Amino acid sequence: MRVRWGLMAAVAVLTAPLMACAPDAPPTAIFLGDSDTAGVALPVDQIESRWPTLVSQHFGWREVNAGCDGSGYTQMGPGCSTTYRERVDRLLEEDPDVIVVSGGVSDLGADLGQIEAAVQATFVTLRDTFPDATIYAVGAVGTDRRSVHSVADLNRIVETQSAKVDAIYVDLGDPLAGRPELLAVDGSPNAEGHAVIAELTSHVIDGT
């Protein structure tokens, strides 16, 4: 018994420093958005080039990608059958340190009043559900296939409503407009376009 207890004590002494040096779990970041968030337009072998993944790698976050093609603040994505706010219910098991909300161009056909109400409900729900998370509201990016004026209207609403729950607004401007080399055939960002969005987003978050 003395030999056994001595061996156990020796193992405990040797493993204690290893346990003490074990790295902490990385912060969790939820990315709530549309097809650009999900990287739908990227080839399968380039999915790691989508901008949320690049941003997560930059900051050392664990990425929870809640992007859904065709979804928005008012619009349900055909593949997920949820709006942004409704998708929060599917994320209740997460305990995010960071939430990044982006996109919304699918909403541009809706009435601005409807958009405003839906944006407000989305950010209020996020704050009520995850009160300790840092929330970033990333402005939608206009491209040649989108009305930049309408995107500007959407972004003004997002900036105003997100501020009411102490979210941090990230204004990316129009970095893809007039730059076809950054776009896929359907007008979505290609890998190079995602890299541009990731760099701009990371730069703003770095400064907060």
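Counted the way mature numbering (1 follows the signal peptide of the UniProt record, and there is no 0) counts, the sequence shown spans residues -22 to -1, 1 to 186. Note that the Cβ used here is the ideal one computed from N, Cα and C, for glycine as well. This one's a predicted model, so the numbers in the text were calculated from it and none came from an experiment.
Close beta carbons around residue i, own chain, < 8 Å, minus the five adjacent residues each side
i, result
"L70", "T107"
"A3", "R40"
Buried/exposed call for residue i, threshold 16 Cβ in 10 Å
i, result
"R63", "buried"
"S12", "Rather than Ser, the amino acid found at residue 12 in this sequence is Asp. D12 should be labelled buried."
"A130", "exposed"
"Q53", "buried"
"G38", "exposed"
"V33", "buried"
Contacting residues, own chain, Cβ-Cβ under 6 Å from residue i (five flanking each side not counted)
i, result
"A115", "V79, V136, S140, A145, Y147"
"T112", "V76"
"S180", "V33, H36"
For residue i: DSSP bridge partner residues
i, result
"G81", "DSSP, once it has assigned bridges, lists no residue as partnering G81."
"E41", "A7"
"Y51", "Its beta-bridge partners do not exist; DSSP assigns none."
"T112", "V76"
"L161", "P167"
Member of the options whose CA lies at the smallest distance from the CA of residue i
i, options, result
"D75", "G87, R68, L104", "L104"
"N168", "T6, G81, V18, P4", "V18"
"Q98", "V163, K142, L160", "K142"
"S128", "L150, I183, D89", "D89"
Cβ neighbours of residue i in the same chain (closer than 7 Å, five flanking residues each side left out)
i, result
"T31", "E41"
"E72", "T6, I8, V42"
"G81", "G11, D12, D14, T15, G50, A118"
"I93", "Y51, T52, D85, L132, I135"
"C58", "C46, S49, R65"
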